[in-house]
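Notes follow once the structure below has been shown.
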Amino acid sequence: MSSVFLEDLDAETYAEYLSHPGSTVIIPTGATEQHGPHMPLGVDAMLSSDIAAAVAQQIGALVAPVFAYGYKSQPRSGGGNHRVGTTSLSATTLIHLVDDVVSSFLEQGFQRVVVLNGHFENYQFIYEGLDKAVKQATDAGSDARAVLMSYWDFVDEETLDAVFPEGFFGWDIEHGGVLETSLMLLLHPEKVEMDRVIDHSPAELTPYDIFPEDPARTPASGCLSSAQGATAAKGQQLFDAVRGAVAKALISEFGLPDSKRKAD
Numbered sequence: 031m032s033s034v035f036l037e038d039l040d041a042e043t044y045a046e047y048l049s050h051p052g053s054t055v056i057i058p059t060g061a062t063e064q065h066g067p068h069m070p071l072g073v074d075a076m077l078s079s080d081i082a083a084a085v086a087q088q089i090g091a092l093v094a095p096v097f098a099y100g101y102k103s104q105p106r107s108g109g110g111n112h113r114v115g116t117t118s119l120s121a122t123t124l125i126h127l128v129d130d131v132v133s134s135f136l137e138q139g140f141q142r143v144v145v146l147n148g149h150f151e152n153y154q155f156i157y158e159g160l161d162k163a164v165k166q167a168t169d170a171g172s173d174a175r176a177v178l179m180s181y182w183d184f185v186d187e188e189t190l191d192a193v194f195p196e197g198f199f200g201w202d203i204e205h206g207g208v209l210e211t212s213l214m215l216l217l218h219p220e221k222v223e224m225d226r227v228i229d230h231s232p233a234e235l236t237p238y239d240i241f242p243e244d245p246a247r248t249p250a251s252g253c254l255s256s257a258q259g260a261t262a263a264k265g266q267q268l269f270d271a272v273r274g275a276v277a278k279a280l281i282s283e284f285g286l287p288d289s290k291r292k293a294d
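Each number in our numbering comes from the position in the sequence shown (counting from 1) with 30 added on.
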């Protein structure tokens, strides 16, 4: 196949792939969400798609069209759903979308489904939809398996130390910060305007949520930490670490043969 992206394939090529043992599809998920003044609204979807494609090439999988809308951005992890540009789904809608799409893939013949999450707030609702779809398939006699993962969980301590030499403040305030900006500088540099980065201290957030959301409780930039230290070189370190670790996990979980492997 000339492309790992399912949407690029004709129906016959797609069917031929499905006829092989171990057919695997990776569904990238993201959001349409503000990422400060220096990056576009589609960051989460772009990054999850790019990482999914790199992993798919390594393990012989296909990549489904990205879920470009996600669950509501929250002040303590994404700046808040009140931010202009953030366009969100309800929990129920996201659960049903995942259930419907995964169920369809399993019915078509995929034996393994991976959901690669790129938006923090999505996780539990993807979990619910994926659980429902796989349970329905296994109850019907299928031996299908699925894996749900968020890409940032595969950044190892050595890489964190290299990317954040002055100390890592935590994933919950990395929204629009060094990690996402560095990856975008590597993968989509034309979409990043570093001269528009607002340098400020990491947000000091309460350990609880309030309703309605109060815009004054999060930085005006929409970012929860500064992206000032982001570079494409750091993006390469992060990308290599995540791609390798995700592929290794899937090779292990799915028992993929060595013939599927490609050199890191």
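Ideal Cβ positions, reconstructed from N, Cα and C, are used throughout, including at glycine.
Judged by DSSP in its simplified three-state form, Ala279 adopts helix.
Listed in chain order, the non-local C-beta contacts of Glu204 below 8 Å within the same chain comprise Trp182, Glu210, Leu254 and Ser255, local neighbours out to five positions each way being set aside. C-alpha of Val272 to C-alpha of Phe184: approximately 5 Å in a straight line.
By the Cβ neighbour-count rule, His149 is buried, with 16 or more other Cβ atoms within 10 Å of its own. For Asp186, same chain residues with a beta-carbon under 8 Å away, outside a window of 5 residues either side, are Ala271 and Ala275 in chain order. Below 8 Å, too few C-beta pairs join the stretch 60-67 and the stretch 131-142 to call them touching: fewer than three. Relative to the Cα of Ser33, the nearest Cα in the group Pro242, Ser120 and Gln88 belongs to Gln88. Between His112 and Pro245, the alpha-carbon positions lie close to 8 Å from each other. Sixteen is the threshold: when 16 or more other Cβ atoms of the shown chains lie within 10 Å of the Cβ of Ala86, as they do, the residue is buried. Checking the DSSP bridge columns, you'll see Asn152 has no partner listed. Apart from sequence neighbours up to five positions away, the residues of its chain that approach Glu283 with a beta-carbon distance below 6 Å are Val177, ordered along the chain. DSSP, read as helix, strand or coil, puts Met179 in strand. Scanning its chain for C-beta atoms nearer than 7 Å, with the 5 sequence neighbours on each side dropped, one finds around Tyr153 the residues Asn147 and Ser180, in chain order. In the DSSP assignment, Leu146 falls within the beta strand (DSSP E) that extends over Arg142 to Asn147. If the five residues before and after Phe155 are omitted, its C-beta is found closer than 8 Å to the C-beta atoms of Tyr101, Ala121, Leu124, Ile125 and Val128, all from its own chain and listed in chain order. A straight line joining the alpha-carbon of Ala170 with that of Val131 spans about 17 Å. Within the model, the alpha-carbon separation for Ala163 versus Ala94 is close to 16 Å. It is roughly 14 Å from the alpha-carbon of Leu77 to the alpha-carbon of Gly207.
With fewer than 16 neighbouring CB atoms inside 10 Å of its own CB, Pro219 falls in the exposed class.
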